[in-house]
């Protein structure tokens, strides 16, 4: 405060007039805060999954080649689409975000952005996404992103999330769509490989999300969201996590038919590591020990990153497919 007064001019009537620099600083601070609020609406950290999934899939769709321009355009279109879905999700969830400690600082929950402006922003991002993908890639990829936004907001957020513990099981399908979008952007079609990768992320999503929900189950309970850890015992939750983890690993092994030994080795080793960690959590829960589910949440991210990075390396190196030896 004293710094502000010393930088201000005093009028003859004793009033204090802010100096131009202070006014400028205030304007810049407000502008910066507004920009950060709109960026936060897109959930930037969540969009990391887009990068992890899209690039390797595009490289696999065109093994041995790297079309940087197409990859960049697809990532831009996908980022705009994901940002749109996340923004519209926050519009629909503003009421429960205010009740949860984990989400109370989101822009709409703390009124940093109005609901009307957030809605307009979300729609504008969708239009931008559609335009970029249609012009730089093809219509199919643009339509797939539009379907993703509609499903995430209309089906998951507005129907499933507040009504059933299977919300993330079926709602998680929206997070799997980058595999189809990336493949479609390169080939103009959808083949068996992106469907396999779709299933990998589909089965991966429940244990990944439930691990986080175990840590913040009181938040979800306060908001009235029936996540599985809210309505079930920890033993039941971790048992379900084991089942979905093995479904994830087995799905990842199916893709070996379209890759070389590089991906095969990565899928087997990383899958075994991830499954062992989830099994350990289940055993600790059954024994009544104090568990740290957040570690599984972080390790699930590491597993998916390792698996898809292995796929990217395999596609770029382009060694003979394992099936060529038979």
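In the UniProt record's numbering, the protein residues as written are 1 to 326. Don't be surprised by glycine CBs; every beta carbon is placed ideally from N, CA and C. Predicted model, so just to flag it, every value in this text is computed and none were measured.
Original post:
Expressed to the nearest angstrom, what Euclidean distance is found between the alpha-carbon atoms of residue 276 and residue 71?
Top reply: Rounded to the nearest angstrom, the two C-alpha atoms are 34 Å apart.
Subject >> Contacting residues, own chain, Cβ-Cβ under 6 Å from residue 152 (five flanking each side not counted) >> reply: Taken in chain order, the residues that qualify are 85 and 174.
**OP:** Note down the Cα distance separating residue 55 from residue 61, rounded to an integer number of angstroms.
**Re:** Approximately 10 Å between the Cα atoms of the pair.
**OP:** Could you tell me the boundaries of the alpha helix (DSSP H) in which residue 336 lies?
**Re:** No answer is possible for residue 336: the residues shown for the chain start at 1 and end at 326.
Original post:
Expressed to the nearest angstrom, what Euclidean distance is found between the alpha-carbon atoms of residue 312 and residue 65?
Top reply: Each residue's CA atom was taken as its position, placing residue 312 and residue 65 some 11 Å apart.
Subject >> C-alpha gap between residue 100 and residue 110, whole angstroms >> reply: Cα-Cα distance, rounded: 12 Å.
Original post:
Exposed or buried, which one is residue 186 when buried takes at least 16 other CB atoms within 10 Å?
Top reply: Classification for residue 186: buried.
Original post:
Once you ignore the five residues that flank residue 330 on each side, which residues in its own chain have a CB closer than 7 Å to its CB?
Top reply: A question about residue 330 goes unanswered here, because the residues of the chain that appear run from 1 up to 326.
Subject >> Cβ pair residue 248, residue 53 closer than 8 Å >> reply: Not a contact, by the Cβ cut-off of 8 Å.
Original post:
Tell me which same chain residues have a C-beta within less than 6 Å of the C-beta of residue 211, skipping the five on either side of it?
Top reply: Closer than 6 Å at the Cβ level, and outside the excluded window around residue 211, lie 293, 296 and 297.
**OP:** Give me the Cα-Cα distance between residue 21 and residue 140, rounded to the nearest whole angstrom.
**Re:** The predicted model places residue 21 with a pLDDT of 45, which falls under 50 and marks its position as unreliable; any figure quoted below should be read in that light. Residue 21 and residue 140 have their C-alpha atoms spaced approximately 51 Å apart.
Subject >> Which listed residue (221, 195 and 176) has its alpha carbon closest to that of residue 201 >> reply: Looking at the Cα atoms, 176 is the closest of the given residues.
**OP:** Jot down the residue ranges of each uninterrupted alpha helix (DSSP H) in the stretch 118–205, minimum 4 residues, whole runs only, in chain order.
**Re:** Listed in chain order, they are 139–150, 167–171 and 173–187.
Subject >> Candidates 82, 116, 102 and 236, of which the one nearest residue 91 by Cα >> reply: Nearest to residue 91 by C-alpha distance, out of 82, 116, 102 and 236, is 116.
Subject >> Distance between beta carbons of residue 181 and residue 78, contact taken as under 8 Å >> reply: For a cut-off of 8 Å, the C-beta gap from residue 78 to residue 181 is around 6 Å, short enough to register as a contact.
**OP:** Answer with buried or exposed for residue 183, where buried requires no fewer than 16 other C-beta atoms within 10 angstroms of its C-beta.
**Re:** By the 10 Å Cβ count, residue 183 comes out buried.
Original post:
Is it the case that the Cβ atoms of residue 196 and residue 266 are separated by a distance below 8 Å?
Top reply: Cβ distance not < 8 Å, so residue 196 and residue 266 don't count as in contact.
Subject >> Straight-line gap, residue 214 to residue 148 (C-alpha atoms, nearest Å) >> reply: Each residue's alpha carbon lies about 27 Å from the other.
Original post:
Does DSSP classify residue 238 as helix, strand or coil?
Top reply: Assigned with DSSP and collapsed to three states, residue 238 falls in helix.
Subject >> Among 171, 163 and 145, nearest to residue 155 - alpha-carbon criterion >> reply: Among 171, 163 and 145, the Cα nearest to that of residue 155 is on 171.
Subject >> Range covered by the alpha helix (DSSP H) that runs through residue 62 >> reply: Bounds of any alpha helix (DSSP H) do not take in residue 62, whose DSSP letter is neither H nor E.
Subject >> Of the listed residues 239, 278 and 51, nearest to residue 299 (C-alpha basis) >> reply: Comparing Cα-Cα distances from residue 299 to each of 239, 278 and 51, the minimum goes to 278.
Original post:
Comparing alpha-carbon positions, which option in 105, 89 and 198 lies nearest residue 37?
Top reply: Looking only at 105, 89 and 198, the smallest Cα-Cα distance to residue 37 is reached by 105.
Original post:
CB-CB under 7 Å to residue 205, same chain, minus the five flanking residues each way: which ones, in chain order?
Top reply: Short of 7 Å from the beta carbon of residue 205, and not among the five residues preceding or following it, lie these beta carbons of its own chain, in chain order: 168, 172 and 175.
**OP:** Would you mind sorting residue 47 into buried or exposed? The rule is 16 or more other CB atoms within 10 Å of its CB.
**Re:** It is buried - the Cβ of residue 47 has at least 16 other Cβ atoms within 10 Å.
Subject >> Backbone secondary structure at residue 44 - three-state DSSP >> reply: Residue state for residue 44 is assigned as coil, using DSSP reduced to three classes.
**OP:** Rank 130, 87 and 133 by C-alpha distance to the C-alpha of residue 114 and give the top, closest one.
**Re:** Closest option to residue 114, Cα to Cα, is 87.
Subject >> Cβ pair residue 73, residue 50 closer than 8 Å >> reply: Contact: no.
**OP:** Give the straight-line distance between the Cα atoms of residue 232 and residue 63, rounded to the nearest whole angstrom.
**Re:** Near 45 Å, if we compare the C-alpha coordinates of residue 63 and residue 232.
Original post:
When you compare only the Cα positions, how much space is there between residue 142 and residue 58?
Top reply: Put simply, the backbone Cα of residue 142 is about 15 Å away from that of residue 58.
**OP:** Put residue 87 into one of helix, strand or coil per three-state DSSP.
**Re:** Three-state DSSP puts residue 87 in a helix.
Original post:
Per DSSP, what kind of secondary structure is residue 291 in: helix, strand or coil?
Top reply: Correct three-state label for residue 291: coil.
**OP:** Give me the Cβ distance between residue 282 and residue 314, rounded to the nearest whole Å; I'm assuming they're in contact under 8 Å.
**Re:** Contact flag wrong, Cβ pair sits at about 31 Å.
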